[in-house]
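Protein chains in written order, with our numbering: chain L, 2 to 159; chain U, 2 to 159. Even glycine gets a Cβ: it sits at the ideal position worked out from N, Cα and C. These numbers come from a predicted model, not from an experiment. Each remark here refers to the structure printed beneath this line.
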């Protein structure tokens with residue numbers, strides 16, 4: 002049995018769970034776009050494949066093309082919504098390899114980067130590392146109310 | 002004039018330069034695959050777009066589909082060549098934003114990750130951060146002879 006598609010893997014996989022309505026930004030046929038809990042980079046999100054698959058080499062043509070449309074749409078919204086200057090896209094999946102056997106599920110990290118201070122919903126954001134690798138070890142979680150404001154803003158500009 | 006396609010940008014862009022034969026692994030219609038100078042992760046390479054374009058949102062369908070084939074081919078070779086366990090793909094382009102105006106050129110960083118010690122060409126490699134974010138601030142450059150051995154090995158398994 003192909004482990005990457007077994008029912009056990011599927012059930013154990015947090016990325017296979019249906020996102021709650023209060024974290025989902027939007028979804029397409031193949032991907033879901035979710036606001037990340039850590040908003041150190043305002044508008045940071047995950048773009049997660051809707052089927053359980055753990056290696057980019059196994060992505061299908063239609064999944065790549067759907068991703069291409071998401072990249073356009075979400076980057077455009079983050080520029081309009083918050084003034085993002087550019088974007089860092091990463092597909093890492095390292096944590097999944099802390100388990101034996103590993104059970105990776107393809108998801109992209111999208112970090113909008115900002116070349117100026119941003120004010121949103123009464124909060125201030127500053128990307129002090131702009132022009133350099135993203136910072137790690139930071140964590141900025143919002144109240145439910147602010148989270149919804151961020152999601153609504155991104156949705157408005159999709 | 003669209004700055005992302007101006008002749009000045011094109012001439013100023015290091016990623017637009019033709020790679021030397023002793024760093025090129027292979028190329029397709031739209032992308033070139035180049036061995037990265039820093040080999041802290043054995044087989045680390047860049048997958049660079051052959052036209053001057055600075056935002057993934059502007060990639061064309063045929064460029065995404067060509068990338069999809071490269072992902073399959075290069076991951077497969079790195080598994081066969083050196084026993085890579087999984088891969089970190091990132092598209093960052095932060096450094097380009099240290100200049101005003103910025104002049105980014107799409108390139109992917111591919112870091113093969115290893116869950117066991119590797120011996121190659123008399124050298125030893127250990128991915129001590131396996132299962133975690135890639136290490137930064139490391140640099141391991143090879144002699145010309147070793148570089149060529151690495152490239153030849155990857156080419157053999159393409």
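So is residue i buried or exposed if we call it buried at 16+ other beta carbons inside 10 Å?
i	result
residue 10 of chain U	buried
residue 136 of chain L	exposed
residue 21 of chain L	exposed
residue 151 of chain L	buried
residue 34 of chain L	buried
residue 3 of chain U	Residue placement at residue 3 of chain U is flagged as unreliable, the pLDDT there being 47, under the threshold of 50; the coordinate-derived value follows with that caveat. Exposed, since its Cβ has fewer than 16 Cβ neighbours within 10 Å.
residue 104 of chain L	buried
residue 15 of chain L	exposed
residue 12 of chain U	exposed
residue 75 of chain U	buried
residue 138 of chain U	exposed
residue 53 of chain U	buried
Could you give the DSSP three-state label for residue i: helix, strand or coil?
i	result
residue 47 of chain U	strand
residue 118 of chain L	coil
residue 26 of chain U	strand
residue 158 of chain L	coil
residue 126 of chain L	strand
residue 87 of chain U	strand
residue 79 of chain U	helix
residue 3 of chain L	Unreliable positioning characterises residue 3 of chain L in this predicted model, as indicated by a pLDDT of 47, which lies under 50. The coordinate reading is nonetheless provided below. Residue 3 of chain L: coil per DSSP, three-state reduction.
residue 35 of chain L	strand
residue 139 of chain L	coil
residue 54 of chain L	coil
residue 16 of chain U	helix
residue 101 of chain U	coil
residue 60 of chain L	coil
residue 42 of chain U	coil
Compare the Cα-Cα distances from residue i to each of the options and report the closest residue.
i	options	result
residue 142 of chain L	L:40, L:31, L:48, L:74	L:40
residue 131 of chain L	U:17, U:94, U:57	U:94
residue 122 of chain L	L:145, L:96, L:26, L:74	L:145
residue 46 of chain U	U:59, U:15, U:99, U:25	U:25
residue 89 of chain U	L:85, L:86, L:30, L:55	L:55
residue 148 of chain U	U:112, U:8, U:98, U:44	U:44
residue 1 of chain U	U:78, U:59, U:87	Past the edges of chain U, shown from 2 to 159, lies residue 1 of chain U, and the structure says nothing about it.
residue 60 of chain U	L:73, L:59, L:61, L:60	L:73
residue 117 of chain L	U:18, U:17, U:98	U:98
residue 120 of chain U	U:84, U:96, U:100	U:84
By Cβ distance below 8 Å, which residues in the same chain neighbour residue i in space, the five residues on each side in sequence not counted?
i	result
residue 32 of chain U	48, 49, 50, 51, 64, 67, 68, 71
residue 92 of chain U	57, 107, 108, 109, 110
residue 29 of chain U	67, 70, 71
residue 125 of chain U	118, 119
Excluding sequence positions up to five away, which residues of its chain have a Cβ less than 6 Å from the Cβ of residue i?
i	result
residue 82 of chain L	154, 155, 158
residue 128 of chain L	114, 115
residue 38 of chain L	142
residue 42 of chain U	112, 113
residue 17 of chain L	11, 53
residue 78 of chain L	155, 158, 159
Who are residue i's beta bridge partners in DSSP?
i	result
residue 92 of chain L	U:90
residue 112 of chain U	U:89
residue 107 of chain L	Residue 107 of chain L is not bridged to any residue.
Using a Cβ-Cβ cut-off of 7 Å (strictly less than) and excluding sequence neighbours within five positions of residue i, which residues of its own chain qualify?
i	result
residue 160 of chain L	Outside the shown range of chain L (2 to 159) lies residue 160 of chain L, about which nothing can therefore be said.
Does the Cβ of residue i lie closer than 8 Å to at least one heavy atom of the ligand GTP?
i	result
residue 41 of chain U	As presented, the structure is devoid of all ligands, the ligand GTP included, so that no description of it is given.
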